[in-house]
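Worksheet for the structure shown next.
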Ligand SMILES: [Zn+2]
Ligand SMILES: [Zn+2]
Ligand SMILES: [Zn+2]
Ligand SMILES: [Zn+2]
Ligand SMILES: [Zn+2]
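Printed below as a string of C-alpha cells:
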C-alpha cells in the first residue's frame, strides 16, 4: 500500500494539471495511504471507496440500497456507503439517518470523541471500514450538521496542538487544522452559491421560484413584482415591456415566449457569470475546496464546470 500511495501522489500531480477539482481528496487519500503511523491505513478495496474515485462510481448512483438504520430503500446517491471490508460488504445509511447519526456522534463528550480525533465510523457493529471522509460527509449531511462536526474536530485538534509534547507532530496537526478550516470555508461558500446563485429568486423579495410557463414576463407569487425570466430584472408591476427588448434575450427569440430549455440555458449562463465572479473573490485554497463541493450541484443543473 505504501508504493500505491507514492504512485498515487505522482499520478495526482499529473491529474492536477487539468483537474483541480479532484486534487484535494486525492491528496488526502495519498497522505492516508503513506502514513505509516496510522494503524487505520486503508486496504486497496477501502481506498477505492474514497471520494477521489467518485467519478468512476457516478454511474452506480442510480442503484438502490436498503438503509442499515431505517431499512428504507433509497437511491445510492441519497445516502452514503461505508468503505466496507470488502466489495459488496458495505453498509448504507440514507442521508437523513446519516444526519441524525453524525449529530449524535458530534454531541458526545470531547473525552470520548478524542479517541478518534472526532472522526466518525460506520455504525454497523464490527464493521472494519475506515472513517467517513470529511468530503463525503460534507456532501451528504446538512450544512449545519457538517459545521458542528467540523467544529468538534477542530476543537480536538486545537487541544492536541496545545498539549502535545511531540514537536514533530505539530506541523502535521497544524496542516490538518488548516485543511479543515479551508474545508469549512469551502462549505460556507457552497451554501452561498447554492442559495444565492443557483437557486432562482424574485429580484425584489427573494422568494425562490421554480415555475416557468412559456411567457418570459413573470410575476412573483409572494409580492407584486413583475420580473424578466431572461435576466431576472425587477420590472415594476408588469415585465412585458422589458421582456420585449431585454438585452439578455438571445437573437431570434420570440417577443415574449420561449421553451423551458431556453429558460434553463439563459439561467445557466447567468449563474455561470455570477459564479465565476464570486469564486474570484475567494482565496485560492478555499476556491479549490469550493469547486469540489459544488460539482454535484452544478451537474444537477446541467452546468459545465467554471
Ligand atoms: Zn435511513
Ligand atoms: Zn460499515
Ligand atoms: Zn417577490
Ligand atoms: Zn406574458
Ligand atoms: Zn430582462
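In mature numbering (1 follows the signal peptide of the UniProt record, and there is no 0), the protein residues as written are -17 to -1, 1 to 289. We put the beta carbon where it would ideally sit given N, CA and C, even for glycine. As the structure is a prediction and not an experimental result, all values here were calculated from the model.
Check	Outcome
In this structure, what does DSSP give as the bridge partners for residue 47?	58
Would you call residue 220 buried or exposed, if buried means 16 or more other Cβ atoms sit within 10 Å of its Cβ?	exposed
Alpha carbon to alpha carbon, how far is residue 124 from residue 253? Give it in angstroms, no decimals.	28 Å
Using the Cα positions of residue 292 and residue 240, report the straight-line distance between them to the nearest angstrom.	Residue numbering for the chain in the displayed model covers -17 to 289; residue 292 lies beyond these limits and cannot be assessed.
If we count Cβ pairs, one from each stretch, closer than 8 Å, do we get three or more for the stretch 46 to 62 versus the stretch 70 to 86?	yes
Using a Cβ-based criterion (distance less than 6 Å to any ligand heavy atom), does residue 223 qualify as near ligand 7?	The model on display carries ligand 1, ligand 2, ligand 3, ligand 4 and ligand 5 but not ligand 7.
By the three-class DSSP mapping on this structure, what secondary structure does residue 277 have?	helix
Ligand 5 and residue 191: does the residue's C-beta get closer than 6 Å to at least one heavy atom of that ligand?	no
With DSSP as the reference, label residue 217 as helix, strand or coil.	strand
When you compare each of 286, 133, 49 to residue 169 by their alpha carbons, which one comes out closest?	133
By Cβ distance below 7 Å, which residues in the same chain neighbour residue 181 in space, the five residues on each side in sequence not counted?	254, 280, 284
Quick check: what's the CA-CA separation for residue 190 versus residue 179?	11 Å
Report the rounded CA-to-CA distance for residue 151 versus residue 217, giving the unit in angstroms.	59 Å
In this structure, how does DSSP classify residue 222 when only helix, strand and coil are distinguished?	coil
Compute the Euclidean distance between the alpha carbons of residue 111 and residue 67, then round it to the nearest angstrom.	7 Å
Got a sec? Which residues, its chain only, sit under 7 Å from residue 47 by beta carbon, not counting five neighbours each side?	56, 57, 58, 59
Any heavy atom of ligand 3 inside 6 Å of the beta-carbon of residue 211?	no
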